[in-house]
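Down below is the structure, laid out as structure tokens.
In this note's numbering, the protein residues as written are 45 to 124.
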């Protein structure tokens with residue numbers, strides 16, 4: 045079930061990123077690419093922690109937070 049919870053947003057965000065690249069709206073493409081990275085890194089952090097790989101899970105969690113902040117920054121810059 046959790047695979048679907050993370051998989052569907054990744055697929056939708058990826059499709060939107062590709063759509064906006066084709067349309068030439070690179071700001072929106074970057075916005076959705078950062079969202080893809082948030083979802084994928086969050087999922088990897090959870091799975092690493094379940095496997096007992098604490099150090100890698102901590103790194104992936106940090107990367108997910110970094111891309112979440114980047115998403116907010118790109119969102120604000122795109123709206124302004």
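C-beta atoms are modelled at their ideal positions from N, C-alpha and C, and glycine is treated no differently. Predicted model, so just to flag it, every value in this text is computed and none were measured.
Neighbour-count burial assignment, residue i, 16 or more Cβ in a 10 Å radius
| i | result |
| --- | --- |
| residue 45 | exposed |
| residue 123 | exposed |
| residue 55 | exposed |
| residue 69 | exposed |
| residue 61 | buried |
| residue 49 | exposed |
Limits of the alpha helix (DSSP H) - the one that residue i falls within
| i | result |
| --- | --- |
| residue 69 | Here residue 69 belongs to no alpha helix (DSSP H), and DSSP marks it neither H nor E. |
| residue 96 | Counting along the chain, residue 96 falls outside any alpha helix (DSSP H), and DSSP gives it neither H nor E. |
Pair within 9 Å by beta-carbon distance, residue i and residue j
| i | j | result |
| --- | --- | --- |
| residue 114 | residue 104 | no |
| residue 73 | residue 83 | no |
| residue 53 | residue 75 | no |
| residue 108 | residue 85 | yes |
Residue i beta carbon near the ligand ATP (any heavy atom closer than 8 Å)
| i | result |
| --- | --- |
| residue 122 | Because no ligand of any kind appears in the structure shown, any question about the ligand ATP cannot be addressed here. |
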